[in-house]
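Numbering (my numbering), first residue to last: 19 to 435.
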Amino acid sequence: METLKFLTREQIDTIKQNYVLPVYVYSEKILKEKARDCLNFPHAFGLTVRYAMKANSNVNILKLFDKMWIHIDASSSFEVYRAMENANIDPKKIQLTTQEIRYELWPLMKLGIHYNATSIYQLEEYGKKYPNTNLSIRINPGKWSWWTKRTSTWWVTSSFWIRYEYVDQVHEIVKKYSLVIEKIHIHIGSGSDPKVWKEIAQQSLSFVEQFPDVTTVNLGGGFKVARMQDEKATDLQDIGAEVKTAFQQFFEKTGRKLHLEIEPGSYLVANAGAIVGCIEDIVDTGNQWNHFIKADIGMPDILRPTLYGAQHPIIVVNDQTATQEYVVVGPCCESWDILTPAPGNSEEICPRLLNKAEIADILVVEWTGAYCASMSARNYNSYPVIAEILVREDWSLVTIRNAEQLSDIWKNEISVI
Ligand SMILES: Cc1ncc(COP(=O)(O)O)c(C=O)c1O
19 METLKFLTRE QIDTIKQNYV LPVYVYSEKI LKEKARDCLN FPHAFGLTVR YAMKANSNVN
79 ILKLFDKMWI HIDASSSFEV YRAMENANID PKKIQLTTQE IRYELWPLMK LGIHYNATSI
139 YQLEEYGKKY PNTNLSIRIN PGKWSWWTKR TSTWWVTSSF WIRYEYVDQV HEIVKKYSLV
199 IEKIHIHIGS GSDPKVWKEI AQQSLSFVEQ FPDVTTVNLG GGFKVARMQD EKATDLQDIG
259 AEVKTAFQQF FEKTGRKLHL EIEPGSYLVA NAGAIVGCIE DIVDTGNQWN HFIKADIGMP
319 DILRPTLYGA QHPIIVVNDQ TATQEYVVVG PCCESWDILT PAPGNSEEIC PRLLNKAEIA
379 DILVVEWTGA YCASMSARNY NSYPVIAEIL VREDWSLVTI RNAEQLSDIW KNEISVI
């Protein structure tokens, strides 16, 4: 059974007394530890760590990483503006890897944003507007790895890249607009197998050989994070050591010293967050069936179990010594607002062994720092967005986002009836 990882019972009592539950809570200490892990990634000729800010875009997390010299990968022009305007991040530290090119995007280039083209069309449009400049291209290496197809960037199910077979077209456009491809970018999807990650790192160097101006290789993020007890996180030193050797060998062969970039999202923030809520109700479907805990935490705050069948540790915080198996569900009027999908089968629910619970007990869902606050079924069933709290290194608690007011939900509606 899971136990509390970074929150103490005293902190939970303080949170319960001072906040409307549920709330997101983050650990500054763990955020910094994870950042240091990434900054220590082995490299042969220099390293830049970018934070994939879509994982969690709270201004404090952006600023904390910025102070540690971690740069940004943004997934939309809106994320770029958010990083610049809300977190005051230098545009030169921001790379944009986006699915769409909108009208807001092009003025950003003048500020020094690094553009990472993800399609032939994007490359051509960029070339028309910014000839004689440098950029990178995101290449699909034709290999993949996944724990769920829903986060994979598998080459034939994913539209995120320029397929490697289209390299000739890239060269044509590059020539036409006198562009300089200075970086090759490859990200194979979240939670990837470290073995495949290493293979793709090696393979990326074969693309570099086809682009003489490339000085940087960005190998993306996707490092596996251990959320449940039986999961094993990617060992950054292990995969990094092989990448370092590959870069050294590439130098010996070609005389080219390549700068390395990595851009984790999950690895930096997943294990630094928890959601603290409470048990609203307990029901059962008869003795031979399930006992359900109805929590106040669900799809409006954490979508991963519903979307991917993702597993998160769940702890009923009380002094019980007895245990019971429960299916844990969220507060929405939606059958699949669940926190305990079956491992490996997101179409099934699976009871979890927890402390025997009572209505109003505290319930904590852990390792929710990544893709929870930033990716939820916001306002579904009209639940307001919940508050975010940071546990500082001195153990004090500070609010880093106020809970949304109910009226915020409809403030932009225009009543015409
Ligand atoms: C381009 C890009 N870089 C980095 C990431 C971060 O991935 P992860 O959170 O698995 O490290 C993603 C997310 O899928 C991505 O699309």
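For each residue, glycine too, the CB sits at the ideal point set by N, CA and C.
- Item | Contact set for A288: own chain, Cβ-Cβ below 6 Å, skip 5 residues either direction | Counting from 1 along the sequence shown, the entry for residue 288 is found at position 270. In chain order, V243, W385, G387 and A388 place their CB closer than 6 Å to the CB of A288, counting only its own chain and leaving out the 5 sequence neighbours on each side.
- Using alpha carbons as the reference points, say which of A264, L278, F269 and K271 lies closest to H203. On the sequence shown, position 185 is the one that residue 203 refers to. Cα-wise, what sits closest to H203 is L278.
- Give the secondary structure of G258 by DSSP, where H, G and I count as helix, E and B as strand, and everything else as coil. For the purposes of this step, residue 258 is taken as the residue at position 240 of the sequence shown. Helix.
- Item | Cα-Cα separation between I407 and F83, rounded to whole angstroms | Here residue 407 is taken as the residue at index 389 of the sequence shown, counted from 1. Here residue 83 is taken as the residue at index 65 of the sequence shown, counted from 1. Computed Cα separation, rounded: 17 Å.
- Task: Can you tell me which of the three DSSP states Y326 falls into?
- Result: The residue you call residue 326 lines up with position 308 of the sequence shown. Of the three classes helix, strand and coil, the one that applies to Y326 here is helix, per DSSP.
- Rounded to whole angstroms, how far is the Cβ of S364 from the Cβ of Y326, which I believe are closer than 8 Å? For the purposes of this step, residue 364 is taken as residue 346 along the sequence shown, with counting starting at 1. For the purposes of this step, residue 326 is taken as residue 308 along the sequence shown, with counting starting at 1. Yes, they are in contact, since the Cβ atoms of S364 and Y326 sit about 6 Å apart, within 8 Å.
- Task: May I have the straight-line CA-CA distance separating Q329 from I112, to the nearest angstrom?
- Result: As a first step, residue 329 must be located in the sequence shown, where it is residue number 311. As a first step, residue 112 must be located in the sequence shown, where it is residue number 94. The alpha-carbon atoms of Q329 and I112 are separated by roughly 32 Å.
- Query: Of the choices E260, R245 and D248, whose alpha-carbon is the least far from that of W215?
  - Reply: Counting from 1 along the sequence shown, the entry for residue 215 is found at position 197. Checking every option, the nearest Cα to that of W215 belongs to E260.
- Query: Should Q140 go down as buried or exposed, given a rule of 16 or more other Cβ atoms within 10 Å for buried?
  - Reply: The residue labelled residue 140 in the question sits at position 122 within the sequence shown. Burial call: buried.
- Check: D91 C-beta below 7 Å from any heavy atom of ligand 1: In the sequence shown, the residue the question calls residue 91 occupies position 73. Distances between the C-beta of D91 and the heavy atoms of ligand 1 include at least one below 7 Å.
- Task: Indicate, with yes or no, if ligand 1 has a heavy atom lying under 7 Å from the CB of E183.
- Result: Position 165 of the sequence shown holds residue 183. Incorrect: E183 has no Cβ contact closer than 7 Å to ligand 1.
- How should S137 be labelled, buried or exposed, when 16 other C-beta atoms within 10 angstroms of its C-beta is the threshold for buried? Counting from 1 along the sequence shown, the entry for residue 137 is found at position 119. Per the 10 Å Cβ criterion, buried.
- Task: Would you be able to state if there are at least three C-beta pairs under 8 Å between the stretch 92-110 and the stretch 408-426?
- Result: no
- C-alpha gap between C368 and V434, whole angstroms: Residue mapping note: residue 368 aligns to position 350 of the sequence shown, counting from 1. Residue mapping note: residue 434 aligns to position 416 of the sequence shown, counting from 1. Each residue's alpha carbon lies about 46 Å from the other.
- Query: Taking C-alpha atoms, which residue in A375, T151 and R181 lies nearest to G159?
  - Reply: In the sequence shown, residue 159 corresponds to position 141, counting from 1. A quick correction: the sequence has Pro, not Gly, at residue 159. Nearest of A375, T151 and R181 to P159, Cα basis: R181.
- Task: Please check the pair V294 and I79, which I expect to be a contact at CB under 8 Å, by giving their CB distance rounded to whole angstroms.
- Result: Counted from its first residue, the sequence shown places residue 294 at position 276. Counted from its first residue, the sequence shown places residue 79 at position 61. No, V294 and I79 are not in contact; Cβ-Cβ is about 18 Å, not under 8 Å.
- Residue range of the beta strand (DSSP E) that I293 falls in? Mapped onto the sequence shown, residue 293 falls at position 275. Looking at the DSSP string, the run of the beta strand (DSSP E) that includes I293 is G291 to D302.
- Output the boundary residues of the beta strand (DSSP E) element that contains E200. The residue given as residue 200 occupies position 182 in the sequence shown. Taken as a continuous stretch (DSSP letters only), the beta strand (DSSP E) holding E200 covers V198 to H203.
- Which stretch, first to last residue, makes up the alpha helix (DSSP H) that contains E183? Mapped onto the sequence shown, residue 183 falls at position 165. Per DSSP, E183 belongs to no alpha helix (DSSP H) and is neither H nor E.
- Message: I'd like the span of the beta strand (DSSP E) that includes V235, first residue to last.
- Response: Along the sequence shown, one-based indexing puts residue 235 at 217. Looking at the DSSP string, the run of the beta strand (DSSP E) that includes V235 is T234 to N236.
- Message: Does the beta-carbon of T115, which I'm using as the reference point, lie nearer than 7 Å to any heavy atom of ligand 1?
- Response: For the purposes of this step, residue 115 is taken as residue 97 along the sequence shown, with counting starting at 1. Flag set: Cβ of T115 near ligand 1.
- Message: Quick check on DSSP: helix, strand or coil for R245?
- Response: Looking up residue 245 in the sequence shown gives position 227. The answer is coil: DSSP assigns R245 none of H, G, I, E or B.
- Query: According to DSSP, which residues form a beta bridge with L278?
  - Reply: By 1-based counting over the sequence shown, the position of residue 278 is 260. According to DSSP, L278 bridges with L65 and V235.
- Of all the options V409, D314 and E366, which has the alpha carbon lying nearest to the alpha carbon of D379? Locating residue 379 in the sequence shown gives position 361, counting from the first residue. The shortest C-alpha separation from D379 is found at D314.
- Going by the beta-carbon positions, is the gap between L223 and A264 smaller than 8 Å? Within the sequence shown, numbered from 1, the residue matching residue 223 stands at position 205. Within the sequence shown, numbered from 1, the residue matching residue 264 stands at position 246. Yes. Within cutoff.
- Straight-line CA distance for K275 to K201? Indexing the sequence shown from 1 puts residue 275 at position 257. Indexing the sequence shown from 1 puts residue 201 at position 183. Answer to the nearest angstrom: the Cα atoms are 13 Å apart.
- Query: Where does R120 fall in DSSP's three states?
  - Reply: Position 102 of the sequence shown, counted from the first residue, corresponds to residue 120. Three-state result, R120: coil.
- Message: Going by beta-carbon coordinates alone, are Y344 and A395 separated by less than 8 Å?
- Response: To locate residue 344, count along the sequence shown from 1; it is residue 326. To locate residue 395, count along the sequence shown from 1; it is residue 377. No, they are not a contact pair.
- Message: In chain order, what are the residue ranges of uninterrupted beta strand (DSSP E) at least 3 long that sit wholly in the stretch 33-113?
- Response: 41-45, 65-70 and 89-92
- What is the DSSP secondary structure of Y389, counted as helix, strand or coil? Numbered from its first residue, the sequence shown carries residue 389 at position 371. It is coil, neither helix nor strand.
- Inter-residue CB distance, A73 and G283 (contact presumed, cutoff 8 Å): Walking along the sequence shown from the start, residue 73 turns up at place 55. Walking along the sequence shown from the start, residue 283 turns up at place 265. Confirmed, Cβ separation roughly 3 Å.
- Message: Which same chain residues end up closer than 6 Å to Q221 when comparing Cβ atoms and leaving out the 5 residues on each side of it in sequence?
- Response: Here the question's residue 221 lines up with position 203 in the sequence shown. Setting aside the 5 residues that flank it on each side, Q221 is surrounded in the same chain by P159, each with a C-beta closer than 6 Å to its C-beta; the list follows chain order.
- Based on the DSSP output, what are the partners of P359 in its beta bridges? Residue numbering aside, residue 359 sits at position 341 when the sequence shown is read from its first letter. Paired residues: I367.
- Task: Out of N76, R68, N106 and D299, state which residue places its alpha-carbon closest to the alpha-carbon of H89.
- Result: Taking the sequence shown and counting its residues from 1, one reaches residue 89 at position 71. For H89, the nearest C-alpha among the options comes from R68.
- Message: Using a Cβ-based criterion (distance less than 7 Å to any ligand heavy atom), does H309 qualify as near ligand 1?
- Response: One-based indexing of the sequence shown puts residue 309 at position 291. Because no heavy atom of ligand 1 lies under 7 Å away, the Cβ of H309 does not count as near it: no.
- Exposed or buried, H189, counting other C-beta atoms within 10 Å across all chains shown (16 or more means buried)? Counting from 1 along the sequence shown, the entry for residue 189 is found at position 171. So H189 counts as exposed.
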